[in-house]
Structure formats: C-alpha cells, structure tokens
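**Student:**
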Amino acid sequence: MVGGGEGAYIGGIHRFAARLDNHYDLVAGAFDVDAERGHSFAAKNFIDRDRSYGDYLGMVTGERTRDDRIDVVAICTPNHTHFPIAKAFLEAGFDVICEKPMTTTVEDAIALHDLGQSTGRFLGVTYTYSGYPMVHEARAMVARGDLGKVRVVQVEYPLEWMATGIELQGNQQAAWRTDPKKNGRGGSIGDIGTHAYHLAGFVTGLKAEAVAADLATFVEGRALDDNAHVMIRYEGGARGLLWSSQVAIGQSNGLRLRVFGENGSLAWHQEQPNELVFTRLFGAPETIKRGRDDLTDGARVRTRTPPGHPEGYIEAFTNLYSGFAAVIRAKESGAPAGSFGEGIPSSYDGLKGVAFVDAVVDSHEKHNGGWLPLQFA
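Mapping of the sequence shown onto this note's numbering: position 185 corresponds to residue 205, and the numbering continues sequentially without gaps.
1. Look up LEU275 in the DSSP assignment and say whether it is helix, strand or coil.
2. By alpha-carbon positions, which one of GLY370, ARG322 and GLN395 ends up nearest to GLY361?
3. Taking the continuous alpha helix (DSSP H) assigned at PHE61, which residues delimit it?
4. What beta strand (DSSP E) runs, 3 residues minimum, are completely inside the segment 221-248?
5. At the level of alpha carbons, what is the spacing between ILE30 and ASP246?
6. Considering only the alpha carbon of each residue, which of ALA228, GLU26 and ILE95 lies closest to PHE376?
7. Counting only runs of 3+ residues fully inside the segment 274-318, write out the beta strand (DSSP E) ranges in chain order.
8. How is GLY328 classed by DSSP in three states: helix, strand or coil?
9. Beta-carbon separation of SER72 and ALA108 under 9 Å?
10. Between which two residues does the beta strand (DSSP E) containing GLY260 stretch?
11. Start and end of the alpha helix (DSSP H) containing ILE334?
12. What residue range is occupied by the uninterrupted beta strand (DSSP E) comprising TYR149?
13. Under 8 Å Cβ to Cβ from PRO200, same chain only, skipping five residues before and after it: list those, please.
14. When DSSP labels each residue in this structure, what does LEU394 get in the three-state scheme?
15. ARG276 and ASP289 - do their beta-carbons sit closer together than 9 Å?
16. GLY225: which of ILE95, GLY165 and ASP211 sits nearest, CA to CA?
17. I'd like to check one pair, VAL92 with PRO365: are the Cβ atoms closer than 9 Å?
18. Taking the beta strand (DSSP E) that ARG171 falls in, what are its first and last residues?
19. Alpha carbon to alpha carbon, how far is LYS386 from GLY241? Give it in angstroms, no decimals.
20. On the criterion of 16 or more Cβ atoms from any shown chain inside 10 Å, does PHE302 qualify as buried, or is it exposed?
21. At a Cβ threshold of 9 Å, is PRO365 touching chain C?
22. Mind checking whether ALA230 and ILE252 have CB atoms under 9 Å apart?
23. Where do the ends of the alpha helix (DSSP H) carrying ASP115 lie?
24. Should PRO121 be labelled buried (16 or more other beta-carbon atoms within 10 Å of its own) or exposed?
25. On the DSSP bridge assignment, give the partners of ALA94 in chain order.
26. What residues match up with TYR254 in a beta bridge as DSSP calls it?
27. Alpha carbons only, please: which of VAL126, HIS249 and GLU56 is nearest the one belonging to ALA216?
28. Indicate whether the contact test is met: 3 or more Cβ pairs, each with one atom in the segment 153-164 and one in the segment 122-129, closer than 8 Å.
29. Going straight from the alpha carbon of TRP181 to that of LEU262, what length do you get?
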C-alpha cells in the first residue's frame, strides 16, 4: 500500500476490504510522506521493518528484486499523486489498485490506460458502489430487458460535510480536495460526481455521448465547485441528469439512482443498499431485497449475510477487492474470472471518469454550460 497510513480514512477501508475475503496479505508499504510516521504505522500493522519504505520509489526499488515481491499495490493517496505512483509500479511489472479519480488530467489517464495495456498489468479503480449486490441485480435487470428501452437516468450524490469552509479550519481531507493542484479541475464533480457517473453507466450499460453542465461554488473563497448539475445525452436517445453536492445540508451519503424505461423503472439508494425498488408499467412498486433465492448470480456471489442482516459499504468495497483478485488470477492462469470478475472497474473506466470531469468543467467554464461531446464513453 502507498499512503493510507495513520489517520487516513480511506486506507483503513482498503485494508478492511482486502482482508475480509482472505485474498490478500498486507506485507509492504510506503504509508506516509513522513517516513518515521510511516514506519511507526507499519510496525503497528506487523509489517517487517525492511518492507516499510520511506516513499513509493524506494518501495518499487526494494520490491522488484525480492523473491517474495508484492503482487499488487493499492494507491491510497491524494489525486495528484496517482499518476506517478501508478506509472512507476506498472513499469516495474506490478498490478495496481488505484483510488478514484485515476488521474487529474485526461492526458495522464490515457497514458496510464495505454501503459497497462502495453505491460499486460492490471489497473483497477475503486468505484466502490458497483460492488453492492443490488446494484448488480439492477444491472442484470436492465440488461435482460425488464425495463424495456431506457429513457431517463437520474443519479444524485449529495453530502453536507463541506457546507462550511472546513478546509480553512484545519481539515486536511477537505484541504486537498479544494486545492486544484492536488484534486484536479473538478471539486464535487471530481470527488463524488464521478462515482455517480460511473454508477449510472454501470447499471444501464449506456454510453454517454455529451454533457452540459452548471457548476457552482457556494462557500466563499473555495477554489473548486461544491455543487454540480449535469445533463447527459446517452446513445440511443436516453437522457440523464446528475447532481453532485458537498453542501447539501441533511445529507450524509445520499447517493441515489433511478432508471426509467418504456416498461418499468428501478430505484436504488445507497443508504438503504439492500433494497431495490422495481415498478412495472401500470403496476405497483415491488421491493426486491438482497438475499432472495431468485436473484441473479452477480448479486448472490456478492452477498455474505442472510436476508434481513444488513450489508453495506465495507462489504461492497470487499466485493471490488475480490473482483480485482479474480481478474488478476484469471490473467495469470488463463482461466475465466467468474462472476466476481464481471464488471470490475479497470483503467478504461478510470479514463472515462477523468474525461467526464474534464468535459463537465469545460462545458461550464468555456462554453457557458453548452453541450460538449465526450471523448471516451
């Protein structure tokens, strides 16, 4: 692991997810920009001192020649560091699991995707919400035509955590997320809007063709957007609407997706992730619960606890990690990756996410909210 040390929220999530299904052992890391603090953290996690590195370049050098070298590295650092770290490990022959967004520029995203292809190494991106069982059930229902042709896709991701200028009050997580040099061009749209965009495409299977965006910065002095409204045109005529906000008071983690087709609709809410609401044309809403025997294989293999016992974010993240493991092992063995490996977000998904953010910001800043085609879909 690179980054994710003492006090880093997302690093702990990665470690929980990696351990839950017993596919990974954490054996090496460069956990902190402060080398001594990183060494202290490594010791607390039972990592040998000679595999606790002061920085990622030292880790590449130290691991590449070991007989027991690592197989895969997880990158849990701020956005602007993703590209150089991932590039170094891919070039050294390691598989990579990277936090989203994959990079801060489209050019870097293209370069990483191409590097993964040319080296034959796997590069996965942690679009967490595609790990939920009922999201996979929704994806399967759309694919088999339960909704008919999709007409409208509405997805939103509102949070309240940055409703005030907490980045000016010592909150380091907010500080780098509001710094264009560290976060990239998009604020809320890059941090959480990219999750919503991936979820909509993952469930519907639709390719976005163009976007028109209105961004806003409501907190005075903030350098990046903290609210975004984006219209999306999909192939085949479907229309989408995406809202991301970091200033939506009363919203903890309100990711929500609704898909409307000719014959029915689906609704899923991340804060009630074990339920999917399906409504047929002229019919009453049906609540489909995780754990039912008649669910598709994609939902069943990602379910751990019996019906009525809630599963959530950690399990969804674990499903991603298990999917990454399945894809990496399949690449090495030549055998199929199985249900766990289906739909796993890889470097091209990361590239699409970065290109989406870039087009959204360009639409707002350079075209007065006008329509812009997407370079990758």
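Every residue, glycine too, gets a C-beta built ideally from N, C-alpha and C. In this text the structure is predicted, and so the values were computed from the model without any measurement.
**Tutor:** According to the structure data:
1. coil
2. ARG322
3. 55-64
4. Listed in chain order, they are 228-236.
5. 21 Å
6. ALA228
7. 276-281, 284-289, 295-300 and 306-309
8. coil
9. no
10. Counted as a single uninterrupted DSSP element, the beta strand (DSSP E) harbouring GLY260 occupies residues 259-265.
11. 333-353
12. No beta strand (DSSP E) holds TYR149; DSSP gives it neither H nor E.
13. ALA243 and LEU244
14. coil
15. The question names Asp, but residue 289 in the sequence shown is His. Yes, the pair counts as a contact, with Cβ atoms nearer than the cut-off.
16. GLY165
17. no
18. 170-178
19. Taken atom to atom, the span from the alpha-carbon of GLY241 to that of LYS386 is near 21 Å.
20. exposed
21. The structure shown contains no chain C; it is built from a single protein chain.
22. yes
23. Going by DSSP, ASP115 is part of no alpha helix (DSSP H) but of the beta strand (DSSP E) stretching over 115-118.
24. buried
25. ILE117
26. According to DSSP, TYR254 shares a beta bridge with ALA228.
27. Among VAL126, HIS249 and GLU56, the Cα nearest to that of ALA216 belongs to HIS249.
28. no
29. 19 Å
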